[in-house]
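S.K.: The numbering of the sequence shown is the numbering used here, which starts it at 1135 and goes up by one.
There's a structure below that I have some questions on.
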Amino acid sequence: MSESVEVLIVADRVPSYSHPGDAGADLAAAVAITLAPGQRATVATGVSIALPDGYVGFVVPRSGLAATHGITIVNSPGTVDAGYRGEISVTLLNTDNSMPYSVAVGDRIAQLVVMPVTRARFIPVQILPGSQRGESGFGSTGHTTNDTEPPSTEEQGEFL
1135 MSESVEVLIV ADRVPSYSHP GDAGADLAAA VAITLAPGQR ATVATGVSIA LPDGYVGFVV
1195 PRSGLAATHG ITIVNSPGTV DAGYRGEISV TLLNTDNSMP YSVAVGDRIA QLVVMPVTRA
1255 RFIPVQILPG SQRGESGFGS TGHTTNDTEP PSTEEQGEFL
């Protein structure tokens, strides 16, 4: 898909995509900060945007920061509604138990994914229609009945 949407922006450093086809544009820190082990802090990006109606921005973690340093975003994904005009800030969390992590001005700390939004029209009913899954919730799809047997083709389909 090569569709694009124009997003008005006020920023010293405009978010950019690292590679063709990337879904997330990198957001950089506008301030320097050191996160102690287990500490969280809200980091300014210096970016304010005006999304068109019918779009939303999701602020999500960068996989490299999470895998290498244990840095994630507390409220991931952070939602940027079309009507919001304030600065995008990112609340980072250092999940490492022993190592502090320093963020310098200009470091890429998160990604912004812009997507179209379908608005739901909620219809009150007395009873929901049935489904194959039913009310099975947390942890109901990740286990087999016998740990030595591979998942059935039907079970594998839930992970594809």
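Idealized CB from N, CA, C, for every residue including glycine.
Cβ atoms of I1243 and V1344: under 8 Å apart, would you say?
M.R.: Residue 1344 lies beyond the residue range present for the chain, which begins at 1135 and ends at 1294; the question has no answer from this structure.
S.K.: Can you give the beta carbon distance from Y1151 to P1250, rounded, assuming they're within the 8 Å contact cut?
M.R.: Wrong, their Cβ atoms sit about 18 Å apart, outside the cutoff.
S.K.: Considering only C-alpha positions, which residue in the set G1217, V1248, E1137 is nearest to P1149?
M.R.: Among G1217, V1248, E1137, the Cα nearest to that of P1149 is on V1248.
S.K.: Let me check one thing: in DSSP terms, what residues is P1250 bridge-paired to?
M.R.: According to DSSP, P1250 bridges with Y1189.
S.K.: Can you say whether A1162 is buried or exposed, counting buried as having 16 or more other CB atoms within 10 angstroms of its CB?
M.R.: Result: buried.
S.K.: Would you list the residues sitting across from S1223 in a DSSP beta bridge?
M.R.: Paired residues: A1178.
S.K.: Run the CB neighbour count on R1196, radius 10 Å, all protein chains shown included, and call it buried at 16 or more, exposed below.
M.R.: The residue is buried, with at least 16 neighbouring Cβ atoms inside 10 Å.
S.K.: Just to confirm my understanding: we take V1144, look at its own chain, exclude 5 residues before and 5 after, and list those with CB closer than 7 Å. What are they?
M.R.: If we look at V1144 and ignore the five residues flanking it on each side, its Cβ neighbours are S1182.
S.K.: Taking the alpha carbon of P1154 as the reference point, which residue from L1169, E1137, A1254 has its own alpha carbon closest?
M.R.: Ranking L1169, E1137, A1254 by Cα distance to P1154 puts E1137 first.
S.K.: Which of helix, strand or coil does DSSP assign to L1119?
M.R.: Outside the displayed range of the chain (1135 to 1294) lies residue 1119, so it cannot be described from this structure.
S.K.: At the level of alpha carbons, what is the spacing between A1170 and T1202?
M.R.: Approximately 16 Å, taken between the alpha carbons.
S.K.: Do P1186 and V1139 have their C-beta atoms closer together than 8 Å?
M.R.: Contact flag set, yes.
S.K.: Near L1142, what residues of its chain come up, given a Cβ to Cβ distance below 8 Å and the 5 sequence neighbours on each side ignored?
M.R.: Hits under 8 Å: I1183, A1184.
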